[in-house]
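Each residue of the sequence shown is one higher than the one before, starting from 1 at the first, in the UniProt record's numbering.
No residue lacks a Cβ here, since even glycine has one placed at the ideal position from N, Cα and C.
Below you'll find the structure, written out as structure tokens, and then a few comments.
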Amino acid sequence: MAKRNMHQATMQSSNSPQPALRTTDSPEESPGNKDSPEPKEELSPGAEPAEEAGEGSEEPRDEMTLDINRFRKPGEKTFTQRSRLFVGNLPVDIPEEEFKDMFAKYGNISEVFINRERGFGFIRLETRTLAEIAKCELDGTVMNNRPIRIRFATHGSALTVRNLLPAVTNELLEQAFSEFGPVERAIVVTDDRGRPTGRGIVEFANKAAARKALEQCTEGALLLTNTPCPAIVEPSEHFDDEDGQPEKLLHKTQNTIRNES
């Protein structure tokens, strides 16, 4: 009976779970690892350099660059009078290179003129759209404690054409006036609904061609269609000061300051 009880006790002890043996490699019993910190979590590739870059000095961001080709319309003529800018209130001692560097990001330049005595200049960019962007971004820029003023230069070779029939298109208008000289742009003015107003604008590449067209159309009759309806040609009234007179450009005095109380 005693042998049977001993045999059962031996079988129970052999079937009972044994505690796991701890080896000397275990971090819990290793003398050198008692005071060691917990293992750091591994970083994904590229995370560690990002942290290091954040701890150090930030690198300067690159300025936004323009893709010039995206601002050029198919068949658009380049370096026309419409892309010529007037730059006023310039410092009298501004170098030409500094003046050109102001517009370097807006593409190629075909004309640069500076009148240092009167503090203004002209510059011609590749397209009208690029000139509009340059005007919007640079107008009011402070140079030597004085804000510069940028406007579109007056087009001295433009004519206004009236008494146009509804059948006259941009292409027909340009073709008719090309006999007097190179035409940069010919537009039939339309209303808000796209209907022709009977008026058009013809912009020549030079004043000689515009003068020739004005003289011959005044002395004779220019017929654009088979209908006997001669076009009336007049010098174009240029008005491009869309900004008017903003308050920031007004030299305030005691009489002009508004009471904002």
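Those residues which DSSP pairs with residue i across a bridge
i, result
"glycine 121", "Val87 and Ile114"
"methionine 143", "Arg146"
"phenylalanine 99", "The partner list for phenylalanine 99 (beta bridge, DSSP) is empty, contrary to what the question assumes."
"isoleucine 109", "Leu125"
"arginine 151", "Phe86"
Rounded Cβ spacing between residue i and residue j (contact assumed at less than 8 angstroms)
i, j, result
"proline 235", "leucine 214", "7 angstroms"
"isoleucine 150", "valine 233", "The pair is not a contact, with the Cβ atoms about 31 angstroms apart (cut-off 8 angstroms)."
"isoleucine 123", "leucine 90", "The Cβ separation is near 11 angstroms, so there is no contact."
"threonine 169", "valine 188", "6 angstroms"
"glutamate 126", "phenylalanine 79", "6 angstroms"
"proline 182", "alanine 205", "4 angstroms"
"lysine 212", "phenylalanine 177", "Not quite, the Cβ-Cβ distance comes to about 10 angstroms (not below 8 angstroms), so this is no contact."
"glutamate 171", "lysine 77", "That pair is no contact at about 14 angstroms."
"leucine 173", "alanine 186", "4 angstroms"
"isoleucine 94", "lysine 100", "Not really, about 10 angstroms apart at Cβ, beyond 8 angstroms."
Burial state of residue i (16 or more Cβ within 10 Å)
i, result
"glutamine 81", "buried"
"phenylalanine 103", "buried"
"glycine 107", "buried"
"arginine 118", "exposed"
"alanine 208", "exposed"
"alanine 167", "exposed"
"glycine 200", "buried"
"glycine 121", "buried"
"residue 266", "Within the shown structure, residues of the chain are numbered from 1 to 261, placing residue 266 beyond reach of any answer."
"residue 262", "Missing from the structure shown is residue 262; the chain here goes from 1 to 261 and no further."
"isoleucine 148", "buried"
"aspartate 192", "exposed"
"glutamine 245", "Bear in mind that the predicted position of glutamine 245 carries a pLDDT of just 46, short of 50, making it unreliable; the figure below should be weighed with that in mind. Exposed."
"serine 16", "Unreliable positioning characterises serine 16 in this predicted model, as indicated by a pLDDT of 47, which lies under 50. The coordinate reading is nonetheless provided below. With fewer than 16 Cβ atoms within 10 Å of its Cβ, serine 16 is classed as exposed."
Q: Mind the definition here: the region 137-144 touches the region 182-202 only if three or more C-beta pairs lie below 8 angstroms; say whether that holds.
A: no
Q | Sufficient close CB pairs (3 or more, under 8 angstroms) joining the region 151-158 to the region 218-232 | A | no
Q. Is it a yes or a no for the region 130-139 touching the region 110-119, going by three-plus beta-carbon pairs under 8 angstroms?
A. no
Q.
Please give me, in chain order, every unbroken run of the alpha helix (DSSP H) with length at least 4 that falls completely inside the UniProt domain "RRM" (157-238).
A. 170-177 and 207-219
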